[in-house]
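Protein sequence lines, in the order shown, are assigned to chains A and B.
For the first sequence, the tail end lands on 686 under our numbering, and the numbers increase by one without skipping.
For the second sequence, the tail end lands on 686 under our numbering, and the numbers increase by one without skipping.
Think of the CB as a built atom: it goes at the ideal place given N, C-alpha and C, for glycine as much as any other residue.
What follows is one structure encoded as structure tokens, with my remarks underneath.
Protein chains: 2
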Amino acid sequence: MGNYAFYIAAGFAGVLALLFAALLVKRINGVEPGNSKMQEIAAAIHEGAMAFLGRQYKVLIVFVIVLGAIIALVGHFAQSDRPDSLKPATAVAFVIGAFCSVLAGNIGMRVATKANVRTANSARTGGLNKALSVAFSGGSVMGMSVVGLGLVGLVVVILLFPGEYGVINGYALGASSVALFGRVGGGIYTKAADVGADLVGKVEARIPEDDPRNPAVIADNVGDNVGDVAGMGSDLFESFVGSIVAALILGAAIPALNNQGITGAGLIAPLLVAGIGTVASVIGGLFVKVKEGSNPAKALNIGEGIATVLAIVGAFAVCYFIIPQTFTAGDKTFTNMGVFLASIAGLVAGFFIGKVTEYYTSADYAPVKEIAQSCETGAATNIINGVATGMASTAIPIVIIIAAILVAFHFSGLYGIAMAAVGMLCTTGMVVAVDAYGPISDNAGGIAQMSGLDKSVREITDKLDSVGNTTAAIGKGFAIGSAALTALSLFSAFSQSVGLAAIDILRPKVVAGLFIGGMLPFLFSSMTMKAVGRAAGKMIKEVRRQFTMIPGIMEGTGRPEYSKCVDISAKAALKEMIAPSLLAIVVPVVVGVIPFLGKEALGGLLAGTLVTGFLLAIMMSNAGGAWDNAKKYIEEGNHGGKGSLAHSAAVNGDTVGDPFKDTAGPSINILIKLMTIIALVFAPLF
Amino acid sequence: MGNYAFYIAAGFAGVLALLFAALLVKRINGVEPGNSKMQEIAAAIHEGAMAFLGRQYKVLIVFVIVLGAIIALVGHFAQSDRPDSLKPATAVAFVIGAFCSVLAGNIGMRVATKANVRTANSARTGGLNKALSVAFSGGSVMGMSVVGLGLVGLVVVILLFPGEYGVINGYALGASSVALFGRVGGGIYTKAADVGADLVGKVEARIPEDDPRNPAVIADNVGDNVGDVAGMGSDLFESFVGSIVAALILGAAIPALNNQGITGAGLIAPLLVAGIGTVASVIGGLFVKVKEGSNPAKALNIGEGIATVLAIVGAFAVCYFIIPQTFTAGDKTFTNMGVFLASIAGLVAGFFIGKVTEYYTSADYAPVKEIAQSCETGAATNIINGVATGMASTAIPIVIIIAAILVAFHFSGLYGIAMAAVGMLCTTGMVVAVDAYGPISDNAGGIAQMSGLDKSVREITDKLDSVGNTTAAIGKGFAIGSAALTALSLFSAFSQSVGLAAIDILRPKVVAGLFIGGMLPFLFSSMTMKAVGRAAGKMIKEVRRQFTMIPGIMEGTGRPEYSKCVDISAKAALKEMIAPSLLAIVVPVVVGVIPFLGKEALGGLLAGTLVTGFLLAIMMSNAGGAWDNAKKYIEEGNHGGKGSLAHSAAVNGDTVGDPFKDTAGPSINILIKLMTIIALVFAPLF
């Protein structure tokens with residue numbers, strides 16, 4: 001350790017991000033929130049979202065106390081003198097990690113549910129650029145909160161427990177636990193509301209999307225915030241933190257990296273790369289501006305491009321000035337430029353995975369066009385084509401990730417793989433901002449629709465939203481790619497921690513682990529999708545009840561009881577997330593402690609989950625995104641347009657894709673990372 | 001080696017099976033084929049099936065010559081003194097393996113397309129028992145040909161090249177190559193015809209299934225034979241042969257197993273277990289009889305039960321009398337009863353995987369009922385539920401397979417795993433018989449419908465067919481389970497052959513292999529499903545063309561040009577199978593020879609493919625089977641019955657399930673095994 005100034009510098013990058021977020025919040029609050037109808041709707045969404053968070057916190061607190069107590073207890077009995085030993089203090093770091101992630105999510109969602117109505121109003125009064133600016137500012141608050149609090153919390157933990165990696169792991173586990181609630185619970189919430197609203201509203205009652213007569217419409221809009229803002233944010237918070245923690249552990253294990261030149265260079269580098277990436281994201285965000293009539297996508301791309309270039313320059317500087325020019329790890333010698341190349345490998349991989357996702361999910365390219373074409377022969381051919389496209393879309397991302405892994409390893413060993421993950425994630429602030437901008441625009445459109453604003457307003461928000469669809473798909477690709485790299489480096493840290501020199505797949509117990517691990521994402525996805533089905537079923541019943549029981553609801557004179565639907569989604573989401581969550585937490589521990597399986601089988605298990613999880617997540621996210629955009633493509637007038645048979649087939653595909661891309665797929669990211677972190681934290685037990 | 005008498009005894013079991021098949025053929029030929037209309041239709045199906053085989057052979061011969069030449073060439077340059085070295089003679093064994101599998105498929109399909117019409121006629125004149133007897137006899141000919149020719153050919157190769165395992169591997173590769181054509185080509189054929197016939201006939205023209213006015217109806221019936229009889233037979237031929245070959249190689253590597261007591265006991269045991277299982281299948285088949293009015297499923301179960309019990313007794317005798325009481329392998333000591341337990345572990349695992357498959361795909365149990373229920377809210381919820389059910393259905397089979405692997409390994413090491421595969425597959429004759437009985441009954445129903453026989457006939461064939469649906473699902477579970485165990489033992493043989501003491505998943509190149517391997521089944525499935533889509537598209541165009549161009553076709557006065565549709569399916573199937581086949585053959589070789597990947601990465605690749613392939617195959621087969629039976633369940637009058645909205649949703653699910661369960665799912669079995677055998681045969685290159 002040593003050289004605290006550098007740690008504090010990284011912490012300051014986090015503080016800077018938080019200050020920038022505060023500035024943005026002030027700016028957003030300064031925007032007029034529109035007429036009273038708009039404000040009323042926005043308030044309902046805001047309250048629904050905050051109510052869900054409140055309810056979630058009640059469960060989360062119990063969860064954190066129980067798991068924290070277990071950690072403290074196990075830490076008490078299992079602790080050793082090793083720096084990576086689990087200790088009672090791990091529970092403290094765990095609580096801090098959970099707290100920081102919760103706080104980031106709370107701030108992000110609080111602001112997002114204020115930015116949505118202001119985006120709608122800006123579209124009404126100020127046009128495209130103004131609307132984009134508000135929506136993107138809202139997203140940026142989420143992004144800056146994630147990286148800001150992630151960094152600050154981590155630096156605090158490092159300074160509190162210097163050199164105690166077994167304690168620092170707890171911070172990552174805290175982040176993971178919140179991500180579980182955010183992604184799995186949030187994913188179930190959002191799709192229960194969405195599917196429920198669509199099936200009764202659009203299909204049965206034949207009223208349009210975002211119609212205020214639909215009792216589930218507020219829940220649906222709340223869901224966008226719960227799933228796509230808070231859930232996604234907690235997911236990337238976890239990846240961001242997890243990748244740095246893994247790099248710290250692996251970096252600490254290379255004496256030559258820390259004992260020559262700057263003390264603790266191997267630990268400082270990942271923190272500083274993340275810190276500089278954070279500053280780069282702030283600067284990039286300042287450049288997101290669009291002229292009237294031009295494409296908002298271009299503005300976002302410019303912002304991301306600037307952030308990326310600055311991050312690369314920063315990573316170069318860090319490696320050049322901090323890392324020793326040459327150092328030996330094991331029996332190999334590496335250079336500081338090797339570490340730089342490893343970081344860049346991650347960054348580049350993240351970019352290309354995003355591009356591939358765009359290719360497979362945007363209506364500008366052949367795959368979505370083919371899917372739209374297949375809608376002409378009905379729902380079945382649409383589904384087959386979508387599934388096949390999702391499956392095919394795994395190939396190139398696999399090659400990209402492998403290339404990044406091999407390059408990173410070649411240039412700086414296991415530490416290089418961890419640095420690749422850090423490199424990929426260093427611009428997380430920007431990625432989250434671009435990603436969270438989508439649901440805010442989507443919400444703005446919903447509010448415009450529900451409050452009966454002029455068509456031109458909806459046109460602007462639709463423009464923002466359609467860009468948001470693509471950025472959301474890219475963000476999902478990035479989220480799973482970064483989850484895989486993070487999990488892989490945590491996996492290396494795990495094997496180091498349990499003292500496994502090799503995990504040999506010729507040994508049947510490793511094969512057993514590999515098979516079980518490979519199966520878990522299938523079982524987990526099945527559980528989350530069925531959970532959506534059950535929760536949506538409850539929603540459907542309630543909406544049907546209100547349609548028949550509330551007088552004048554269809555004529556717009558009777559007011560639907562929105563809050564009941566919000567309540568159903570929230571309750572169902574929290575109940576339904578229990579079983580899959582337990583699966584993710586219990587299985588690795590059980591496999592690790594069963595005598596005839598043990599840590600080797602656990603290693604196999606983690607590898608198996610990583611591989612099939614990565615594949616399934618990409619397949620489901622991309623199939624879902626492709627179906628969504630094929631439907632939109634048809635709605636633009638192709639293959640018969642709205643109301644045609646092809647459109648009805650496309651709606652079916654879109655509905656299948658909803659739980660694929662917004663519940664099951666992204667939840668797998670959490671499964672992959674959480675299981676690895678659980679294994680890492682409880683390593684002394686195995 | 002040595003002790004030829006035992007090899008010859010195993011060969012004689014094969015001869016016995018073939019003699020029994022000949023007897024059955026005579027019996028089937030003695031049954032009246034019905035009226036001239038029935039004979040005419042049957043002749044069209046027969047000719048279509050044989051025409052496809054003829055066309056397939058033309059491509060297959062080229063394939064065999066090219067791959068054989070490559071093997072001979074590589075063998076010429078790469079051969080060494082090691083017994084497992086690839087040699088020019090490997091090409092000879094390869095050709096023999098391909099020939100035996102082709103012959104088995106040819107006999108089986110030739111007879112199946114004679115048994116179908118005789119089953120229909122027996123149902124007309126003799127009732128349920130007579131019809132079952134003919135259909136099952138037809139299936140048994142396929143079953144007995146598979147195991148008979150499999151054993152005889154293998155014994156011939158062993159006697160021609162004693163002790164040269166590198167040559168004997170070629171036999172398995174030959175079987176694999178034919179299986180590729182049978183399963184992938186056959187799978188594309190059958191579903192192109194089925195989907196094409198359904199979408200234009202049932203959906204567009206609203207004529208019933210198996211209506212003679214549909215030009216694709218003969219192609220559809222041909223497809224049942226091509227895919228479900230010949231394809232399935234070649235798949236299990238490959239597993240049957242592959243499991244024995246792997247056991248031979250692993251057995252030969254344990255000197256203590258072969259040098260004390262009976263010389264070559266480790267090699268004799270797998271052959272004899274397979275031989276006794278074959279005899280047990282013949283005897284079990286004799287007990288398949290049903291009383292009028294009772295359930296045909298019971299009769300099949302009795303036959304399988306008897307075969308299984310006899311096989312267990314036989315395996316016990318083999319292990320007791322042949323294997324040394326104790327022997328050491330590596331640093332462990334095993335017993336002959338341990339080998340027996342290992343074999344039984346496989347047999348038991350096969351049984352339970354079948355039962356789990358039945359649970360998830362039969363309308364008697366909750367999963368299919370739930371799927372049928374979800375049809376009430378439309379196609380999308382049906383699809384989501386089916387996919388989720390398919391995913392969940394992977395969990396227990398994984399646990400079963402792992403249990404079998406761990407038990408087998410515990411009791412007799414890697415040899416035990418191979419013996420578990422042999423144990424699972426020793427009753428292949430019976431499994432194939434029960435499996436092939438289904439499509440024959442299905443065909444019989446089609447012929448009854450097309451030739452306008454009395455409703456009571458169709459009722460009998462429907463009864464046989466509905467049992468056949470369940471047995472087909474069980475057969476698919478068995479096929480993938482056995483593929484996994486076979487591939488795993490071939491994998492062990494591969495690692496021995498390339499001299500890998502460990503394949504360490506902590507090494508990035510192994511991780512790279514694992515990722516690529518894991519991805520291949522996704523890409524492969526995507527390719528086969530899209531192939532079905534394209535081929536079905538061509539079929540649809542042709543059927544539409546005939547509907548509009550042939551005068552009087554809809555009134556039944558104009559005769560459809562059936563052969564054109566048969567031709568389209570055949571051409572498309574053979575064309576479309578090229579790309580996925582190359583993937584399976586080329587990727588392992590390329591990964592093996594690329595310097596920065598190499599044999600370690602190849603090991604990871606095979607493991608990755610095995611894991612995700614097993615999972616995807618089960619998921620797709622079971623989802624498809626469940627959708628199929630949910631549709632039938634609704635057609636029985638549940639949830640509104642035929643013509644209801646739920647039914648239309650169920651039809652969509654069934655159509656999605658078709659390529660899942662009959663093309664992509666089963667084709668993965670081939671991918672898993674073929675890749676491993678390719679790696680094993682070309683091991684000297686790596």
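*In chain order, what residues of the same chain have a beta carbon less than 6 Å from the beta carbon of A:Phe478, not counting five sequence neighbours either side?*
Same-chain partners within the cutoff: Gly350, Gly354, Val431.
*Take every Cβ of the region 622 to 637 of chain B, pair it with every Cβ of the region 645 to 657 of chain B, and state whether three or more of those distances are shorter than 8 Å.*
They touch, by the three-pair rule.
*Closer than 9 Å, Cβ to Cβ, to anything on chain B: give me those residues from the region 636 to 656 of chain A, in chain order.*
Within the region 636 to 656 of chain A, the residues whose Cβ lies closer than 9 Å to some Cβ of chain B are Ala649, Val651, Asn652, Gly653, Asp654, Thr655, Val656, listed in chain order.
*If you follow the beta strand (DSSP E) that A:Ala329 is part of, which residue opens it and which one closes it?*
Where A:Ala329 is concerned, the enclosing beta strand (DSSP E) stretches over 326 to 329.
*asked:* Below 8 Å on C-beta distance, what does A:Ser525 contact in chain B?
replied: Using a Cβ-Cβ cut-off of 8 Å, A:Ser525 is close to Ala388, Met391 of chain B, given in chain order.
*Looking only at its own chain, which residues have a Cβ that is under 6 Å from the Cβ of A:Thr381, when we skip the five neighbours before and after it?*
Correct list, in chain order: Ser374.
*Within the 9 Å Cβ cut-off, does B:Met1 reach chain A?*
Note that B:Met1 scores 48 on pLDDT, short of 50, meaning its location in the model is unreliable and no value can be drawn from it.
_Could you give the first and the last residue of the continuous alpha helix (DSSP H) run that contains A:Thr470?_
Counting along the chain, the alpha helix (DSSP H) containing A:Thr470 begins and ends at 455 to 497.
*asked:* Using the Cβ count rule (16 or more neighbours within 10 Å means buried), how would you classify A:Tyr189?
replied: When all chains shown are included, A:Tyr189 counts as buried.
*For A:Arg559, does the count of other Cβ atoms within 10 angstroms reach 16, so buried, or fall short, so exposed?*
With fewer than 16 Cβ atoms within 10 Å of its Cβ, A:Arg559 is classed as exposed.
*Quick one: what does DSSP say B:Phe334 is sitting in, helix, strand or coil?*
Looking at B:Phe334 - three-state DSSP - the assignment turns out to be strand.
_Quick check: what's the CA-CA separation for A:Ser581 versus B:Ala192?_
Inter-residue distance for A:Ser581 and B:Ala192 is about 41 Å (C-alpha atoms, whole angstroms).
*Applying a beta-carbon distance threshold of less than 7 Å, which residues of chain A neighbour B:Val589?*
Residues of chain A passing the Cβ test: none, with the nearest at roughly 18 Å.
*Which chain A residues sit within Cβ distance under 7 Å of B:Lys530?*
Here the neighbours are Ala388.
*Nearest chain A C-beta to B:Ser374 closer than 9 Å, yes or no?*
With 9 Å as the cut-off, B:Ser374 counts as an interface residue toward chain A.
*From B:Gly148 to B:Leu300, what does the alpha carbon distance come to, in whole angstroms?*
Pairing B:Gly148 with B:Leu300, the inter-Cα distance amounts to about 21 Å.
*If we ignore side chains and look at the alpha-carbon of each, how far apart do A:Ala512 and B:Ser101 end up?*
The straight-line gap from Cα to Cα measures roughly 32 Å.
_Close beta carbons around A:Ala536, own chain, < 6 Å, minus the five adjacent residues each side_ = Ala192, Val195, Gly196.
*Identify each residue in the region 199 to 229 of chain B for which the Cβ-Cβ distance to at least one residue of chain A is less than 9 Å, and report them in chain order.*
Among the residues of the region 199 to 229 of chain B, those with a Cβ less than 9 Å away from any Cβ of chain A are Leu199, Val203, in the order of the chain.
_Closer than 7 Å at the beta carbon, the chain A residues around B:Lys364_ = Inspection of the sequence shows that residue 364 of chain B is occupied by Asp rather than by Lys. Per Cβ cutoff of 7 Å: no residues; B:Asp364 is ~20 Å from chain A at best.
*Mind checking the region 416 to 444 of chain A against chain B and listing, in chain order, the residues whose C-beta falls within less than 9 Å of any C-beta there?*
Within the region 416 to 444 of chain A, the residues whose Cβ lies closer than 9 Å to any Cβ of chain B are, in chain order, Ile417.
_Contact residues within the region 589 to 623 of chain A, judged by C-beta distance below 8 Å to chain B_ = Of all residues in the region 589 to 623 of chain A, Phe596, Gly603, Gly604, Ala607, Gly608, Val611, Thr612, Phe614, Leu615, Met619 have a Cβ within less than 8 Å of some Cβ in chain B.
*Could you check which residue in B:Leu583, B:Gly30, B:Ile302 has the C-alpha nearest to that of B:Val117?*
Closest in alpha carbon position to B:Val117, among B:Leu583, B:Gly30, B:Ile302, is B:Gly30.
*Beta-carbon separation of A:Ala421 and A:Ser177 under 9 Å?*
No, the Cβ-Cβ distance between A:Ala421 and A:Ser177 is not below 9 Å.
_Check whether the region 621 to 632 of chain A and the region 672 to 682 of chain A touch, using three or more Cβ-Cβ pairs below 8 Å as the test._
A contact between stretches requires three or more CB pairs, one per stretch, nearer than 8 Å, and the region 621 to 632 of chain A fails this requirement with the region 672 to 682 of chain A.
*asked:* Once the 5 residues before and after A:Asp198 are set aside, which same chain residues still bring their CB inside 7 Å of it?
replied: Thr655, listed in sequence order.
*Runs of alpha helix (DSSP H) lying entirely within the region 590 to 641 of chain B, each at least 4 residues, in chain order*: With a minimum length of 4 residues, the continuous alpha helix (DSSP H) runs that stay inside the region 590 to 641 of chain B are 598 to 635.
*Report the residue from B:Ala98, B:Ile218, B:Val399, B:Asp210 whose alpha carbon sits nearest the alpha carbon of B:Ser234.*
Answer by Cα proximity: B:Ala98.
*Which chain A residues are close to B:Gly533, counting only those with a beta carbon under 8 Å from its beta carbon?*
Scanning chain A for C-beta atoms nearer than 8 Å to the C-beta of B:Gly533 yields Ser374, Thr381, Ile384, Asn385, Ala388, reported in chain order.
*asked:* For a contact defined as C-beta to C-beta under 7 Å, what are the partners of B:Ala502 on chain A?
replied: One finds Ala502, Asp504, Leu506 in chain A with Cβ atoms closer than 7 Å to the Cβ of B:Ala502, taken in chain order.
*Between the beta-carbon of B:Val282 and the beta-carbon of B:Ala436, is there less than 9 Å?*
No; because the gap between Cβ atoms is not below 9 Å, this pair is not in contact.
*asked:* Counting only Cβ pairs nearer than 9 Å, list the residues of chain B close to A:Ile688.
replied: For chain A, the structure presents residues 1 to 686; residue 688 of chain A sits outside this window and is missing.
*Note the first and the last residue of the continuous alpha helix (DSSP H) segment covering A:Ile65.*
Its alpha helix (DSSP H) spans residues 36 to 78.
*asked:* Below 7 Å on C-beta distance, what does A:Leu514 contact in chain B?
replied: What A:Leu514 touches in chain B: Ala607, Val611.
_Looking at chain B, is there any beta carbon in it that lies within less than 9 Å of the beta carbon of A:Ser145?_
At a cut-off of 9 Å between C-beta atoms, A:Ser145 does not count as an interface residue with respect to chain B.
_At the level of alpha carbons, what is the spacing between B:Pro666 and A:Val134?_
Whole-angstrom Cα-Cα distance: 53 Å.
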